[in-house]
Structures are given as structure tokens and as C-alpha cells.
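If you count the sequence shown from 1, position 182 lands on 201 in my numbering, and the numbers rise without skipping.
C-beta: ideal position from N, C-alpha, C; glycine also.
Everything numeric in this text was worked out from a predicted model, so none of it was measured.
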Amino acid sequence: MTATCSRVFSTISRIDMSDPSSWEGKVFLTFDIDWAHDEVLADCIDLVEQADVAATWFVTHETPLLARLRANPKFELGIHPNFNFLFNLQTQAGGSAEEVLERTMALVPEATAVRSHHMTQSSTLLNLFRSKGLTHDCNHFIPMTAGITLKPWLLWNDMLRVPYSWEDDIMCIYGQQQTLPDISGLLSQDGLMVFDFHPIHVYLNTENLQRYERTRPLHYHPDELLQERFSGSGARGWLLELLRSSH
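Here's what the structure looks like:
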């Protein structure tokens, strides 16, 4: 049976493996904050709060806006640790995977959900996540083009793996290669439905990664960056389409 387009917004930590109703008929809106400038992040929060829907925000850094996010009972904060520096023997984010994780957890000690920057994962990291009290791992991307009906599954260490099939920057790449289904079409499909956005792409309304890369020098100059916002179909429009589905 095909699901209806009317899905209830929920947060990642509410997914319960023993209760399929905790994800069936739901939509999970997630954001990787990715060190966004406060004005860029605030713009994204504004859109979600105006729609009055639930969302999970994966945190990368300290910002006064964490207090605003925590104050919204429909929001939850997860963590978005960056292990990339370790691959290059750099220690600015921490000298070990555990130190990187502990520094990020210090920002959001209440977090139970994790998605690593660049989806970095391994069996060692998954066990480390679990040892720090994390229960929901969102590091598995299965593109919608695979035609697979998604659902969560339990890992060996009792963490719940929550796969996702839609990410704004990846859609920018796919969109240059093929015609993408619209959001309403996706919401009518069966299975777990997790969307991942980035505030920087929402602010820019990114339609291809060339725009993102070209504007890197402006990412911390929001007034100038605003002049580079794409006026056609892009990440901001996709988010607004998803948010409209809540009404």
C-alpha cells in the first residue's frame, strides 16, 4: 500500500525499533549545522519555526543559537563530530576519535543521535558512540534512486541505525544528471523518510555545488552571501516544499 502525502514530523530519537508506528507515516527533518554563521543558521531556524514542525539539529560548534534551539520543544539536538582531521594527522579537533567525540558531546551532553561530518563511521566508532550514551546513528545514506524501501535496524551494540535517502547537496549533484522526483512524490512512498539539509545550502538556495564552492569566501559574510542566493529551484525551495507538506 502506498503511503499518503500527509506525514507527521518527528525527531530521530523518537524512533523505536519495537514500534513501527514511530517511523511509519512520519517524516524526519534533520540539519547538519556545519559551522554555519549565526545569521545563516538563524535564517534556517526561522523557516522551520514558522512551519511549527519537529526537527533534529546535528550540532558542530558552540553558538548562542543553541539556547534558541533547546527552547523549542519540537526540536532535538544531536551531534555532528568531525573526524576528518585525524585522517591527516591533525589534532585541532582532538588528538583521538574519543577526544573529538567528547568535545562535541560537551556542546550537547543530552544528545542521543549522531551523524558524523562526511558520514565517517566504522565499527570502532559505533562502539565508541554507544559507550558515550548515543542510541541513534544516522550515518548511512541510501539514495532514493536505489528504489529501496528504508527502515531502521538494530546494530550489534544495541544502537539503532537510521538510514536516510535525501540530502540537499547530494540532490544538487543528482539534479545535474537526471530529473529528480518532487518532494510530494517522495512523501507518497512507503518506508522511513529522513531528509537532511544544511543551513548554508538553505541560505544560498544551492542548486549545484559550483555555487557553494564559488561563494566559500563569503560564507561568513551573510549580507554579501545573500546576493548570491539562487532564484530558481534549489535547497531553500526544496525545504519550503517539505515544510508546506505539514499543512
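Based on DSSP bridge pairs, tell me the residues matched to Lys45. Val27
Ignore the nearest five residues each way along the sequence and tell me which others in Thr123's own chain have a CB closer than 6 Å to its CB. Ile98 and Pro100
Own chain residues within Cβ distance below 6 Å of Thr23, not counting five before or after: Note that Thr23 has pLDDT 42, beneath the 50 cutoff, so the model's placement of it is unreliable and the number below is only indicative. If we look at Thr23 and ignore the five residues flanking it on each side, it has no Cβ neighbours.
Would you identify the three-state DSSP class for Val72, choosing helix, strand or coil? coil
Give me, in chain order, the residues of the same chain whose beta-carbon lies closer than 6 Å to that of Ala55; leave out the 5 immediate sequence neighbours on both sides. Pro218 and Ile219
Where Thr21 and Leu173 are concerned, what is the direct C-alpha to C-alpha distance, given to the nearest angstrom? With a pLDDT of only 42 at Thr21, under the threshold of 50, the placement of this residue in the model should not be trusted; the figure read from the coordinates follows. The straight-line gap from Cα to Cα measures roughly 25 Å.
By a C-beta neighbour count over all protein chains shown, 10 Å radius and 16 as the cutoff for buried, is Leu15 buried or exposed? Summary: the structure shown does not reach residue 15, with the chain confined to residues 20 through 266, and so no result is reported for it.
Which residue or residues does DSSP assign as beta-bridge partners of Phe50? Trp76 and Phe216
With C-beta atoms as the reference, is Gly253 less than 7 Å away from Thr234? no
Which of the three DSSP states, helix, strand or coil, is assigned to Gly204? helix
Going by DSSP, what residue range makes up the beta strand (DSSP E) through Leu96? Phe94 to Ile98
C-alpha gap between Arg89 and Ile64, whole angstroms: 12 Å
Would you list, in sequence order, the uninterrupted alpha helix (DSSP H) runs of no fewer than 4 residues that lie entirely inside the region 128-192? 142-150
Do Phe216 and Phe50 have their C-beta atoms closer together than 7 Å? yes
Those residues which DSSP pairs with Asp209 across a bridge: Its beta-bridge partners do not exist; DSSP assigns none.
Where Asp38 falls, given that 16 or more other Cβ within 10 Å makes a residue buried: exposed
Glu232 classed as buried or exposed, judged by whether at least 16 other C-beta atoms fall within 10 angstroms: exposed
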